[in-house]
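**Student:** Let me begin by handing over the structure; questions about it come next.
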Amino acid sequence: MKRRNDSAIKNLDDEELLALATMASVDEAPALDAQTEAKLMSSFRKSKARVGVSTTAAGTQVVELDHLPAVHRRRTFPIRPWVLAAAATILIAVGWRVSIETRDHAVAASQQADTVVVTRDSAGRLVLRGVSAEVDLVVRGERGDGTRLTIGPFRLAADGRFPEPIAAQVTPGQAVKVMRGSVDGVDGVVVFEGIVPPLAPR
Amino acid sequence: MRDRSEDRPGATVGTLLDRIAAGDEEAARACIRRYGPLVTAMARRLCPFEVDDAVQDAFVEIWRSAPRFRADSGPEHVFVMTVTRHRLVDRRRAAKRRGPPLVLADSAPDRGAPPEVLVDLSRCRDAIARLDDGPRAAVMLACEGLTHEEIAESTQLPLGTVKSHVRRGLAAVRRALLGEDSES
Chain A
114 MKRRNDSAIK NLDDEELLAL ATMASVDEAP ALDAQTEAKL MSSFRKSKAR VGVSTTAAGT
174 QVVELDHLPA VHRRRTFPIR PWVLAAAATI LIAVGWRVSI ETRDHAVAAS QQADTVVVTR
234 DSAGRLVLRG VSAEVDLVVR GERGDGTRLT IGPFRLAADG RFPEPIAAQV TPGQAVKVMR
294 GSVDGVDGVV VFEGIVPPLA PR
Chain B
227 MRDRSEDRPG ATVGTLLDRI AAGDEEAARA CIRRYGPLVT AMARRLCPFE VDDAVQDAFV
287 EIWRSAPRFR ADSGPEHVFV MTVTRHRLVD RRRAAKRRGP PLVLADSAPD RGAPPEVLVD
347 LSRCRDAIAR LDDGPRAAVM LACEGLTHEE IAESTQLPLG TVKSHVRRGL AAVRRALLGE
407 DSES
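Chains as they are written, first to last, in the numbering used here: chain A, 114 to 315; chain B, 227 to 410.
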């Protein structure tokens with residue numbers, strides 16, 4: 114066997130060695146079909162987007178921040194953190210006050226996303242407030258033992274109501290996470306995370 | 227025509243993840259083609275009841291983690307596999323049905339990834355296969371995400387013995403990756 118003098122390999126930690134060992138336990142690695150590749154590319158595009166709430170005359174909608182006008186965008190620069198740190202230090206040293214308007218707008222939009230809540234309407238039905246668009250969502254709940262389960266993908270009605278089959282599977286006081294996604298999977302954007310409200314409306 | 231430079235063996239790996247971090251779709255596509263088969267194979271082993279979701283989850287985690295990759299800290303494929311394993315192990319732990327225990331395959335994959343990755347995997351597999359029963363079982367359980375304490379409980383071995391088994395197994399894997407096995 115050819116000997117390698119590879120410092121990167123020498124420096125691998127246990128987790129990295131376990132990752133290699135885990136991968137080494139498979140005996141075949143089948144090629145991906147075009148459909149799977151397309152789905153993964155779709156997840157990549159969605160992962161680049163961030164969610165916020167846009168309130169216009171037409172109503173309030175959950176939107177991807179990257180679809181807002183440019184002034185609202187928070188850019189991700191391909192710059193090493195130490196370069197950013199050095200630049201920030203220099204700026205502070207010379208007393209500059211840097212106001213990054215795009216970041217402020219993006220943060221404000223993100224903070225508005227916190228206004229999305231799961232509550233109940235006057236009839237006691239479970240609703241997602243703060244989202245008016247018909248969006249595909251996935252609910253995940255936490256069991257009493259701390260493990261999680263996927264309760265199901267569903268399309269949120271225009272009035273924010275959860276479909277009955279979904280509402281029937283969650284219990285008051287249960288910790289749930291509502292994520293953007295569908296039967297094809299979730300894209301990682303958490304729309305709401307919290308506790309299912311009690312049956313009586315607040 | 228699409229530039230397939232990232233698909234070639236030995237391509238500048240740091241560049242690929244850097245470009246993914248910058249939102250480059252072609253880099254993401256190259257990453258999917260390079261590692262998709264391995265990630266899928268791993269998802270079939272660790273999350274057999276939700277393979278599609280697990281693969282998607284793993285890649286979303288890779289997209290998110292790409293900015294943390296530093297080419298001078300280790301090979302790209304190790305980074306990708308570490309991120310993937312963490313995600314899949316998390317899912318396996320949370321799953322209602324965990325699926326069968328992880329066992330070592332009779333042979334390592336011979337396609338579905340760049341040659342240098344397949345070489346590393348083959349060396350790892352051979353190193354684990356050569357271990358005694360105790361260390362081999364401990365390493366496979368650790369691969370599943372079990373803690374030392376959980377492995378001790380599962381195997382009814384003292385905690386110290388389990389730690390020793392895992393340490394010895396991983397040391398053998400490291401030696402194999404470095405090509406030192408024949409000299410040890």
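Ideal placement from N, C-alpha and C gives every residue a C-beta, glycine not left out.
Measuring CB to CB, does Met-136(A) end up less than 7 Å from Met-268(B)?
**Tutor:** Taking the first residue of the first sequence as position 1, residue 136(A) is located at position 23. Taking the first residue of the second sequence as position 1, residue 268(B) is located at position 42. Cβ distance < 7 Å, so Met-136(A) and Met-268(B) count as in contact.
**Student:** Which residues of chain A have a Cβ atom closer than 7 Å to the Cβ of Pro-263(B), listed in chain order?
**Tutor:** Here the question's residue 263(B) lines up with position 37 in the second sequence. Result: Ala-142, Pro-143, Ala-144 and Leu-145.
**Student:** Is there a Cβ from chain A that is less than 7 Å from the Cβ of Asp-250(B)?
**Tutor:** As a first step, residue 250(B) is located in the second sequence; it is residue number 24 there, counting from the start. No, Asp-250(B) does not count as interfacial toward chain A.
**Student:** Going by C-alpha distance, which of Ile-264(A), Pro-143(A) and Val-139(A) is nearest Val-283(A)?
**Tutor:** Counted from its first residue, the first sequence places residue 283(A) at position 170. Among Ile-264(A), Pro-143(A) and Val-139(A), the Cα nearest to that of Val-283(A) belongs to Ile-264(A).
**Student:** DSSP puts Pro-266(A) in a beta bridge; with which residues?
**Tutor:** Counting from 1 along the first sequence, the entry for residue 266(A) is found at position 153. Beta-bridge pairing links Pro-266(A) to Val-251(A).
**Student:** Using a Cβ-Cβ cut-off of less than 8 Å, give me the residues of the stretch 330–362 of chain B that come near chain A, in sequence order.
**Tutor:** Correct list: Leu-330, Ala-331, Asp-332, Ser-333, Ala-334, Pro-335, Arg-337, Gly-338, Ala-339, Asp-346, Leu-347, Ser-348, Arg-349, Cys-350, Arg-351 and Ile-354.
**Student:** Determine the closest residue to Val-229(A) out of Ala-236(A), Val-240(A) and Ser-235(A), with distance taken between C-alpha atoms.
**Tutor:** Taking the first sequence and counting its residues from 1, the one referred to as residue 229(A) is at position 116. Among Ala-236(A), Val-240(A) and Ser-235(A), the Cα nearest to that of Val-229(A) belongs to Val-240(A).
**Student:** I want to see whether chain A comes within less than 7 Å of Thr-308(B), judged by CB atoms only; does it?
**Tutor:** Stepping through the second sequence from its first residue, residue 308(B) is reached at position 82. Yes - at least one Cβ of chain A is within 7 Å of the one on Thr-308(B).
**Student:** Closer than 7 Å by C-beta to Asp-217(A): which residues in its own chain qualify, once you throw out the five before and the five after it? Chain order, please.
**Tutor:** Counted from its first residue, the first sequence places residue 217(A) at position 104. Reliability fails at Asp-217(A), whose pLDDT of 45 lies under 50, so the model's placement of it is uncertain and the value that follows must be treated cautiously. Excluding positions up to five away in sequence, the list is empty.
**Student:** With burial defined as no fewer than 16 other Cβ atoms inside 10 Å of the residue's Cβ, what is the status of Trp-289(B): buried or exposed?
**Tutor:** Here residue 289(B) corresponds to residue number 63 of the second sequence, with the count starting at 1. Trp-289(B) comes out buried.
**Student:** Would you mind working out which of Leu-330(B), Arg-296(B), Gly-360(B) and Arg-313(B) sits nearest Pro-384(B), comparing C-alpha positions?
**Tutor:** For the purposes of this step, residue 384(B) is taken as residue 158 along the second sequence, with counting starting at 1. When only C-alpha atoms are compared, the closest one is Gly-360(B).
**Student:** For the candidate residues Val-244(A), Asp-258(A) and Arg-256(A), whose alpha-carbon lies nearest to that of Leu-269(A)?
**Tutor:** Here the question's residue 269(A) lines up with position 156 in the first sequence. Closest option to Leu-269(A), Cα to Cα, is Val-244(A).
**Student:** Please tell me whether His-284(A) has its Cβ less than 7 Å away from any Cβ of chain B.
**Tutor:** For the purposes of this step, residue 284(A) is identified with residue 171 of the first sequence, where counting begins at 1. Reading the sequence as shown, one finds Thr at residue 284(A) and not His. Answer no: the Cβ-Cβ gap between Thr-284(A) and chain B never drops below 7 Å.
**Student:** Closest to Arg-256(A) by CA distance: which of Arg-233(A), Glu-247(A), Arg-193(A) and Val-309(A) is it?
**Tutor:** If you number the first sequence from 1, residue 256(A) lands on position 143. Answer by Cα proximity: Val-309(A).
**Student:** Following the continuous beta strand (DSSP E) through Asp-346(B), name the residue where it begins and the one where it ends.
**Tutor:** For this step, residue 346(B) is matched to residue 120 along the second sequence. Run containing Asp-346(B): none in the beta strand (DSSP E); it sits in the alpha helix (DSSP H), 341–356.
**Student:** Does Leu-382(B) pass the burial test, meaning 16 or more other C-beta atoms within 10 Å, or should it be called exposed?
**Tutor:** On the second sequence, residue 382(B) is found 156 positions in, with the first residue counted as 1. Checking the sequence, you will find Gln at residue 382(B) rather than Leu. The residue is exposed, with fewer than 16 neighbouring Cβ atoms inside 10 Å.
**Student:** Which chain A residues are close to Leu-367(B), counting only those with a beta carbon under 7 Å from its beta carbon?
**Tutor:** Numbered from its first residue, the second sequence carries residue 367(B) at position 141. Per Cβ cutoff of 7 Å: no residues; Leu-367(B) is ~11 Å from chain A at best.
**Student:** Would you call the CB atoms of Leu-262(A) and Gly-262(B) closer than 7 Å?
**Tutor:** To locate residue 262(A), count along the first sequence from 1; it is residue 149. To locate residue 262(B), count along the second sequence from 1; it is residue 36. No. Outside cutoff.
**Student:** When DSSP labels each residue in this structure, what does Ala-260(A) get in the three-state scheme?
**Tutor:** The residue labelled residue 260(A) in the question sits at position 147 within the first sequence. According to the sequence as given, residue 260(A) is Thr; it is not Ala. In the structure shown, Thr-260(A) sits in coil (DSSP, three-state: anything other than H, G, I, E or B).
**Student:** Using 7 Å as the limit for Cβ to Cβ distance, is Arg-311(B) near chain A?
**Tutor:** Along the second sequence, one-based indexing puts residue 311(B) at 85. Output row for Arg-311(B): interface = yes.
**Student:** Straight-line CA distance for His-180(A) to Asp-279(B)?
**Tutor:** The residue labelled residue 180(A) in the question sits at position 67 within the first sequence. The residue labelled residue 279(B) in the question sits at position 53 within the second sequence. Legend: pLDDT at His-180(A) = 45, less than 50; position of this residue unreliable, no value from coordinates given.
**Student:** By the DSSP assignment, the beta strand (DSSP E) with Phe-295(B) in it spans what residues?
**Tutor:** The count along the second sequence starts at 1 and reaches residue 295(B) at position 69. That residue, Phe-295(B), is in no beta strand (DSSP E); it is neither H nor E in DSSP.
**Student:** With distances taken from CA atoms, which of Val-304(A), Lys-123(A) and Thr-149(A) is nearest Val-231(A)?
**Tutor:** Position 118 of the first sequence, counting from 1, holds the residue named residue 231(A). Taking only the C-alpha atoms, the option nearest Val-231(A) is Val-304(A).
**Student:** Decide if Gly-386(B) is buried, meaning its Cβ has at least 16 other Cβ atoms within 10 Å, or exposed.
**Tutor:** For the purposes of this step, residue 386(B) is taken as residue 160 along the second sequence, with counting starting at 1. Exposed, by the Cβ-count rule.
**Student:** From the DSSP secondary-structure annotation, give me the bridge partner or partners of Ala-288(A).
**Tutor:** Indexing the first sequence from 1 puts residue 288(A) at position 175. DSSP lists Ile-308(A) as partners of Ala-288(A).
**Student:** Run through DSSP, which three-state label would Leu-181(A) get?
**Tutor:** On the first sequence, residue 181(A) is found 68 positions in, with the first residue counted as 1. At Leu-181(A) the pLDDT is 42, less than 50, meaning the model places this residue with poor confidence; the figure from the coordinates comes in the next sentence. Leu-181(A) falls in the coil class under three-state DSSP.
**Student:** In angstroms, rounded to a whole number, what distance separates the CA positions of Asp-332(B) and Asp-358(B)?
**Tutor:** Translated into the one-based positions of the second sequence, residue 332(B) becomes position 106. Translated into the one-based positions of the second sequence, residue 358(B) becomes position 132. So the two alpha carbons sit approximately 16 Å from each other.
**Student:** Below 9 Å on C-beta distance, what does Glu-150(A) contact in chain B?
**Tutor:** Looking up residue 150(A) in the first sequence gives position 37. In chain order: Arg-255, Ile-258, Arg-259 and Gly-262.
**Student:** Within 7 Å (strictly less), CB to CB, does Ile-301(B) reach chain A?
**Tutor:** Position 75 of the second sequence, counting from 1, holds the residue named residue 301(B). Inspection of the sequence shows that residue 301(B) is occupied by Pro rather than by Ile. Chain A, which has a Cβ nearer than 7 Å to the Cβ of Pro-301(B), makes this yes.
**Student:** Run through chain B and tell me which residues come within less than 8 Å of Gly-298(A), C-beta to C-beta.
**Tutor:** Along the first sequence, one-based indexing puts residue 298(A) at 185. Chain B residues near Gly-298(A): Asp-278, Asp-279, Gln-282 and Asp-283.
**Student:** Kindly list, in the order they appear in chain D, the residues whose Cβ is closer than 7 Å to that of Leu-241(A).
**Tutor:** Included in the structure are the protein chains A and B, with no chain D among them.
**Student:** Under DSSP, the beta strand (DSSP E) around Thr-266(B) begins and ends at which residues?
**Tutor:** Counting from 1 along the second sequence, the entry for residue 266(B) is found at position 40. Careful: Thr-266(B) lies outside any beta strand (DSSP E), inside the alpha helix (DSSP H) at 251–272.
**Student:** For Met-154(A), which residues in chain B fall below 8 Å Cβ to Cβ?
**Tutor:** On the first sequence, position 41 is the one that residue 154(A) refers to. Result: Glu-251, Ala-254, Arg-255 and Ile-258.
**Student:** Opposite Gly-294(A) in the DSSP bridges: which residues?
**Tutor:** Within the first sequence, numbered from 1, the residue matching residue 294(A) stands at position 181. Answer is Val-299(A), bridged to Gly-294(A).
**Student:** For chain A, find out if any of its Cβ atoms is closer than 7 Å to the Cβ of Thr-396(B); answer yes or no.
**Tutor:** Residue 396(B) sits at position 170 when you count from the first residue of the second sequence. Checking the sequence shown, residue 396(B) turns out to be Leu, not Thr. Yes, Leu-396(B) counts as interfacial toward chain A.
**Student:** Are any of the Cβ atoms in chain A nearer than 7 Å to that of Leu-243(B)?
**Tutor:** Within the second sequence, numbered from 1, the residue matching residue 243(B) stands at position 17. No, Leu-243(B) lies away from the interface with chain A (no Cβ there is under 7 Å from its Cβ).
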